[in-house]
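Data block below; observations after.
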Amino acid sequence: MPDDEKQPGVPPTGTGGASGPTGASAGASEHSERGAVAFSPVEQHRPHAPTVTGRSREGMFGISGSGDTSGFGGLRLPAYAPAPAERPYGGWFDEVVDETAAALEEGGLVAFDEAVPQVTVDRGEMTWYVAREHLPALATTLRDDPALRFEFCSGVSGVDYGEGIPQQLHSVTQLLSMTYRRRLRLEVCLDVDDAHCPSLVSIYPTADWHERETWDMFGIVYDGHPSLTRILMPDDWNGHPQLKSYPLGGIPVEYKGAEIPPPDQRRAYT
Amino acid sequence: MSTDVPTTDATEAADPYAASSRETTEGTVYTVTGGDWDELVDESTGDERIVINMGPQHPSTHGVLRLVLEISGETVTDVRLVIGYLHTGIEKNCEYRTWTQGVTFVTRADYLAPLFTETAYCMSTERLLGIEVPTRAQVIRVLLMEINRIGSHLVALATGGMELGALTGMTNGFREREEVLHLLEFLTGLRMNHAFIRPGGVVQDLPEGAEKRILEFCDVMDSRLPGFHQLLTGNAIWQQRLVGIGYLPLDGCLSLGVTGPILRSAGLAWDLRKIDPYLGYDQYDFEVPTDNAADSFARYKLRVEEMHQSLRIVRQCVEALEPGPVMVQDAKIAWPAKLSIGADGMGNSLEHVRQIMGQSMESLIHHFKLVTEGFKVPPGQAYVPIESPRGELGAHLVSDGGTRPLRVHLREPSFVNLQAAPAMCEGGMVSDVIAALASLDPVMGGCDR
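The listed protein sequences correspond, in order, to chains C and L.
Residue numbers for the first sequence follow full-length UniProt numbering, so the first one is 1 and each next one is one higher.
Residue numbers for the second sequence follow full-length UniProt numbering, so the first one is 1 and each next one is one higher.
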């Protein structure tokens, strides 16, 4: 296990030969620091901790210190939290949830609500936010149950929602049932300090490289993976490049007398 | 030479390879002999194994792919693939650009099928935005993708032929691909890295005379594609190199996540254009060729057949092209600048420049804001898969409500399919590794992103 595991969020400033200029993170962090814990109106009505997937915003354009006198600087936008879906979910979504719940109960494994604290249906896609300790049992059930048959794993990847967001690291698994032609997304939310997720390699062998890539890029440790090594970056690389805390790198370029800063230090309107 | 008697029996017993010598009037004459052949064979087939390294710079590895082969004699016992040599951080870079600018990055991932990556990315963006693309833009997308599919398969055949020593296959394949690139240059302005497909539609309408050029191209391809059958399909050497090589049955494909021609060569007619039609693919009449042999030869035949099917779709697209907008009418999303082809190539149309500089202050503001800030995309995530020449190409996009993507992930079939290489190659000969890899048709730009 690489030794930088305990500090997955630390950018590799000054280590190795290949990182960007060490000053590159200064401008970027200025923006992300303000993405502090969100005010979410939905929070009070939810039994479990809500899944927050966005940062709160203030001001119009994400700019600060510009001496704004327009009044738009007072704008406050809460962080986005995907809403839990309510029955009926519509289409085949209800059937899959019911069948999974029945299969889990039949196998004496776990209650569905415990394994999947939140179900979200958005833009015609269903996402299950899975409690990580139940992920292998859930995936096995989804793969093997004759009424579910999610026999194909399209991929595993990660998402880093940025600092200041609870459980900012997400491990996303895309499943596909070729029998029933359905797609389902399993999402496991993780803390950066405890970025451990059970591996799916024994259930879906294709997850091998995907999980290696996600470890490489996000520092998510897939427990039970046969050889969790870096795959895209060199073996001796420090840090995990897809984390938001990792600088993009780049150098300022002079063009016709003006200096163009590197992309992660340019003014962002997001 | 007369038979000589070893000078000292004792030394020969101790060292069988020691040269025997004999004193003659001209001096000492040594008789140098090799060891016993049988002993050599015993030694080489013992526990001793050789690890050889192929690539990353090797003409037969289909790009900057490195293979670590453990061989016993000529038999490959273990294959490890080392990738990442072409990792350029495309996904990370997209997080620092607007949604429109992201197209310019993802098009560089799979450089043989750039229009597919663009389409997957744009369709995912459009699902997040909740917009529907105009019909003409959909037809143009299908048209461009199918032309691109022909080009991609031609490179698969050409490089595959080259790696196996069929150099005429390579020259013919690249000659035909040149036709594809010429046509794409005429239609989109660039031979590759088009960035032609944008969120909301396509950047520009097809140029004048496009239909005629496309139909001419179809005729040229119709006359040339049979050449592959004449040159390769019945060729005894080609068959000996490919038949039964790189075998991967259906259960192996499913568990390893393999899609595309490799999955179809194992007998499953899984083509997202038919299974889950997007961009109006259900309105085109075409077939999904399959095979049961699950070997490299079957994949070669499928690719040739798929090119014919793509030509069918291209012809139907030309017929389906109705006049209409090629970009959504929402001025908050559609690129404000109108482009035109001037004497010095493509650029902003003078009419548009005149409008924003001289007539409408609001147009200028709108232009400026949309180009520099980009449009906001409602928060959420979307995964849109399409059928690329290599299999399921999915774009998983996450938005947090801003003008830049929070995360762009490409589920690249090259990356996933390469995992199957050990299952295809282990137990075979070293030369068959090349044939099996060529039938996988990985593109390292897409694999490493």
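Even for Gly, the Cβ is constructed at its ideal location relative to N, Cα and C.
Exercise. Alanine 421/L lies in the alpha helix (DSSP H); which residues open and close that run?
Worked result: Stepping through the second sequence from its first residue, residue 421/L is reached at position 421. It spans 421-425 - the alpha helix (DSSP H) in which alanine 421/L sits, taken as one unbroken run.
Exercise. Does the pairing of the region 108-123 of chain L with the region 311-318 of chain L give three or more beta-carbon distances under 8 angstroms?
Worked result: Here the region 108-123 of chain L does not lie against the region 311-318 of chain L, with fewer than 3 beta-carbon pairs under 8 angstroms apart.
Problem set entry | Cα-Cα separation between alanine 210/L and proline 205/C, rounded to whole angstroms | One-based indexing of the second sequence puts residue 210/L at position 210. One-based indexing of the first sequence puts residue 205/C at position 205. C-alpha of alanine 210/L to C-alpha of proline 205/C: approximately 46 angstroms in a straight line.
Problem set entry | The beta strand (DSSP E) enclosing phenylalanine 152/C, as first and last residue numbers | Counting from one through the first sequence, the residue named residue 152/C turns up at place 152. Per DSSP, the unbroken beta strand (DSSP E) holding phenylalanine 152/C starts and ends at 152-160.
Exercise. Expressed to the nearest angstrom, what Euclidean distance is found between the alpha-carbon atoms of leucine 81/L and glutamate 70/L?
Worked result: Residue 81/L sits at position 81 when you count from the first residue of the second sequence. Residue 70/L sits at position 70 when you count from the first residue of the second sequence. The straight-line gap from Cα to Cα measures roughly 12 angstroms.
Exercise. Between the C-alpha atoms of alanine 147/C and tyrosine 269/C, what's the straight-line distance to the nearest angstrom?
Worked result: Against the first sequence, residue 147/C aligns to sequence position 147. Against the first sequence, residue 269/C aligns to sequence position 269. Looking at the two C-alpha atoms, the distance is approximately 47 angstroms.
Exercise. Is the shortest distance between the beta-carbon of serine 202/C and the beta-carbons of chain B less than 8 angstroms?
Worked result: Judged by its chain identifiers, the structure shown contains no chain B, and its protein chains are C and L.
Problem set entry | Delimiting residues of the alpha helix (DSSP H) encompassing glycine 173/L | Here the question's residue 173/L lines up with position 173 in the second sequence. It spans 167-188 - the alpha helix (DSSP H) in which glycine 173/L sits, taken as one unbroken run.
Problem set entry | residue 495/L versus methionine 424/L - alpha carbon distance | Residue 495/L cannot be examined here, being either before or after the span of chain L that is shown, 1 to 449.
For this session: Report the residue from Pro389/L, Gln329/L and Tyr300/L whose alpha carbon sits nearest the alpha carbon of glutamate 246/L.
Result: Working through the second sequence from its first residue, we reach residue 246/L at position 246. A small correction: the amino acid at residue 246/L is glycine; glutamate does not occupy that position in the sequence shown. With distances taken between Cα atoms, glycine 246/L lies closest to Tyr300/L.
Exercise. By a C-beta neighbour count over all protein chains shown, 10 Å radius and 16 as the cutoff for buried, is valine 203/L buried or exposed?
Worked result: The sequence position of residue 203/L within the second sequence is 203, counting from 1. Per the 10 Å Cβ criterion, buried.
For this session: Verify the CB distance criterion: does aspartate 264/C have a CB-CB separation below 8 angstroms to chain L?
Result: The residue given as residue 264/C occupies position 264 in the first sequence. For aspartate 264/C, at least one C-beta of chain L is nearer than 8 angstroms to its own C-beta.
Exercise. For isoleucine 220/C, which residues from the same chain have a beta carbon less than 7 angstroms from its beta carbon, with the 5 sequence-adjacent residues on both sides left out?
Worked result: In the first sequence, residue 220/C corresponds to position 220, counting from 1. These residues qualify, in order along the chain: Gly158, Leu169, Ser171, Leu190, Ala195, Cys197 and Thr214.
Exercise. Are the C-beta of serine 245/C and some C-beta of chain L separated by less than 8 angstroms?
Worked result: Residue 245/C sits at position 245 when you count from the first residue of the first sequence. Using a CB distance cut-off of 8 angstroms, serine 245/C does not count as an interface residue toward chain L.
Exercise. Taking just the CA atoms, how far does glutamine 381/L sit from lysine 244/C?
Worked result: On the first sequence, position 244 is the one that residue 244/C refers to. On the second sequence, position 381 is the one that residue 381/L refers to. Going from the Cα of lysine 244/C to the Cα of glutamine 381/L covers about 17 angstroms.
Exercise. Among Ala156/L, Asp432/L and Leu410/L, which one has its Cα closest to the Cα of glutamate 392/L?
Worked result: Within the second sequence, residue 392/L is the residue found at index 392, counting from 1. For glutamate 392/L, the closest C-alpha among the options Ala156/L, Asp432/L and Leu410/L is that of Leu410/L.
Problem set entry | For glutamine 242/C and threonine 159/L, the rounded distance between their alpha carbons | Position 159 of the second sequence, counted from the start, is the residue given in the question as residue 159/L. Position 242 of the first sequence, counted from the start, is the residue given in the question as residue 242/C. Using only the alpha carbons, I get a separation of about 33 angstroms.
Problem set entry | Bridge partner(s) assigned by DSSP for glycine 239/C | Position 239 of the first sequence, counted from the first residue, corresponds to residue 239/C. Beta bridge pairing from DSSP links glycine 239/C with no other residue.
Exercise. For the region 129-139 of chain L against the region 326-335 of chain L, are there 3 or more C-beta pairs whose distance is under 8 angstroms?
Worked result: A contact is defined here as three or more CB-CB pairs under 8 angstroms, and the region 129-139 of chain L meets this definition with respect to the region 326-335 of chain L.
Exercise. At a cut of 8 angstroms, does the region 284-299 of chain L reach the region 431-446 of chain L through at least three beta carbon pairs?
Worked result: The count of Cβ pairs closer than 8 angstroms, one atom from the region 284-299 of chain L and one from the region 431-446 of chain L, reaches three, so the stretches are in contact.
For this session: Answer with buried or exposed for glutamine 265/C, where buried requires no fewer than 16 other C-beta atoms within 10 angstroms of its C-beta.
Result: For the purposes of this step, residue 265/C is taken as residue 265 along the first sequence, with counting starting at 1. By the 10 Å Cβ count, glutamine 265/C comes out buried.
Exercise. For glycine 445/L, which of Gln57/L, Arg141/L and Gly84/L has the nearest alpha-carbon?
Worked result: Working through the second sequence from its first residue, we reach residue 445/L at position 445. From the listed residues Gln57/L, Arg141/L and Gly84/L, the smallest Cα separation to glycine 445/L is found for Gly84/L.
Problem set entry | Nearest candidate by alpha-carbon position, reference threonine 372/L, set Val408/L, Lys332/L and Ser399/L | Here residue 372/L refers to the residue found at position 372 of the second sequence. If we check each option's Cα against that of threonine 372/L, Lys332/L comes out closest.
For this session: Give the interface partners of arginine 404/L over in chain C, defined as CB-CB distance under 8 angstroms, in chain order.
Result: By one-based count along the second sequence, residue 404/L stands at place 404. Under the 8 angstroms cutoff, chain C gives Ala268 and Thr270.
For this session: Measure the CB-CB distance between valine 130/C and valine 116/C and report whether it falls below 8 angstroms.
Result: As a working mapping, residue 130/C is identified with position 130 in the first sequence. As a working mapping, residue 116/C is identified with position 116 in the first sequence. When the beta-carbon positions are compared, valine 130/C and valine 116/C come within less than 8 angstroms of each other.
Problem set entry | Chain-ordered residues of the region 156-167 of chain C with a beta carbon less than 9 angstroms from chain L | Within the region 156-167 of chain C, the qualifying residues are Ser157, Gly158, Val159, Asp160, Tyr161 and Gly162.
Exercise. In chain L, which residues lie less than 7 angstroms from aspartate 122/C when you measure between Cβ atoms?
Worked result: As a working note, residue 122/C is residue 122 in the first sequence. Gly380, listed in chain order.
Exercise. For aspartate 145/C, which of Met126/C, Ile165/C and Tyr180/C has the nearest alpha-carbon?
Worked result: For this step, residue 145/C is matched to residue 145 along the first sequence. Here the closest residue by C-alpha is Tyr180/C.
Problem set entry | Beta-carbon proximity list for phenylalanine 286/L, same chain, < 7 angstroms, skipping 5 on both sides | Residue 286/L sits at position 286 when you count from the first residue of the second sequence. Within the same chain, Cβ atoms closer than 7 angstroms to the Cβ of phenylalanine 286/L are found at Gln309, Arg312 and Ile313, the five residues on either side in sequence being excluded.
Exercise. Start and end of the alpha helix (DSSP H) containing glycine 445/L?
Worked result: By 1-based counting over the second sequence, the position of residue 445/L is 445. For glycine 445/L, the uninterrupted alpha helix (DSSP H) segment begins and ends at 444-448.
Exercise. Where do the N-terminal and C-terminal ends of the alpha helix (DSSP H) with glutamate 105/C fall, by residue?
Worked result: Walking along the first sequence from the start, residue 105/C turns up at place 105. Start and end: 93-106.
Problem set entry | Residue of Asp110/L, Thr98/L, Thr25/L and Glu74/L minimising C-alpha distance to proline 413/L | In the second sequence, counting from the first residue as 1, residue 413/L sits at position 413. Among Asp110/L, Thr98/L, Thr25/L and Glu74/L, the Cα nearest to that of proline 413/L is on Asp110/L.
For this session: Kindly indicate which three-state DSSP category glycine 257/C falls into: helix, strand or coil?
Result: Translated into positions along the first sequence, residue 257/C becomes position 257. DSSP places glycine 257/C in coil when its eight states are reduced to three.
Exercise. For glycine 74/C, does the three-state DSSP call read helix, strand or coil?
Worked result: Within the first sequence, the letter at position 74 stands for residue 74/C. Assignment of glycine 74/C by DSSP, reduced to helix, strand and coil, places it in the helix class.
Exercise. What separation, rounded to the nearest whole angstrom, lies between the Cα atoms of proline 47/C and proline 84/C?
Worked result: Position 47 of the first sequence holds residue 47/C. Position 84 of the first sequence holds residue 84/C. Any reading at proline 47/C needs caution, since the residue's pLDDT is 47, under 50, leaving its predicted position unreliable; the model's value is listed next. Roughly 11 angstroms between the two C-alpha positions.
Exercise. Cβ of isoleucine 401/L within 8 angstroms of Cβ of proline 378/L?
Worked result: As a working mapping, residue 401/L is identified with position 401 in the second sequence. As a working mapping, residue 378/L is identified with position 378 in the second sequence. The identity of residue 401/L in the sequence shown is glycine, whereas the question assumes isoleucine. In this structure, proline 378/L lies closer than 8 angstroms to glycine 401/L by Cβ.
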